[in-house]
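Scroll down for the structure; my scribbles are underneath it.
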Amino acid sequence: MSENPGPPGSAASAQRLNDAVKRLRARLRTESGQHATGLSPTQLGVLAGVVREGPTTAARLAAAERVSAQAIAQSLAVLRAAGLVHSEPDPSDGRKKLISAHAAAAELVDRLLTGRAAFLARAIDATVAEHERADLARAIELLERLADVDLRGGAG
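Take the position in the sequence shown, starting the count at 1, then add 804; the result is the number in this note's numbering.
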């Protein structure tokens, strides 16, 4: 923990949050076995998107992941080579390809998500006291709001 948390809303709080999120994400990758897959976090995110969305286009994946079409194409090439996804012509528009996940991909994503959730549940049980559970629920709500904020309109 940091010795000086800084005032709420300050740059110091933003940095502490960034550091904590990075550490937690790294821990989740380790605890879930993600490192052993040989796939990058980006590639696994794309794979999870294909599993979640069902047959989908690269453009929809790029929009959902908020990355470029080129980044999606690179990730999909790795996932195809690993035998986790395949594509076929879109029956409603033959110019487009629909990307689908193989069963092994769905199993992999499920195993990773289950591993993450299991680690978090154990960590919460081990470190968050019963009287702190409401604080945790409020913190989760705040994190969800931060993840969803749109600051492009100039409003803050």
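In this text, a Cβ means the ideal position worked out from N, Cα and C, and glycines have one as well.
None of these values were measured; they are calculated from a predicted model.
query: Just checking my contact of valine 854 with isoleucine 903 at CB under 8 Å: how many whole Å lie between their CB atoms?
result: 5 Å
task: Take the Cβ of valine 932 as the centre, count every other Cβ of all protein chains shown within 10 Å, and call the residue buried at 16 or more, exposed below.
output: exposed
query: In its own chain, which residues sit with a C-beta less than 7 Å from the C-beta of aspartate 952, not counting the 5 before and 5 after it?
result: none
query: Between which two residues does the alpha helix (DSSP H) containing arginine 913 stretch?
result: Correcting the residue identity first, residue 913 is valine in this sequence and not arginine. First-last of the alpha helix (DSSP H) with valine 913: 907-931.
Glycine 957, DSSP secondary structure in three states: coil
field: Assigned secondary structure, serine 814 (DSSP; H/G/I helix, E/B strand, else coil)
entry: coil
- prompt: Which ranges does the alpha helix (DSSP H) cover as unbroken runs of at least 4 residues, wholly within the stretch 855-893, from first to last along the chain?
  reply: 862-869, 873-885
query: Going by other Cβ atoms of all chains shown within 10 Å of its Cβ, with 16 needed for buried, is leucine 821 buried or exposed?
result: exposed
task: Under 7 Å Cβ to Cβ from glycine 849, same chain only, skipping five residues before and after it: list those, please.
output: Glu869
C-beta contact flag for leucine 888 and alanine 909 at 7 Å: yes
- prompt: Which residues in the same chain have their Cβ closer than 8 Å to the Cβ of histidine 906, if we skip the five residues on either side of it in sequence?
  reply: Gly887, Leu888, Val889, His890
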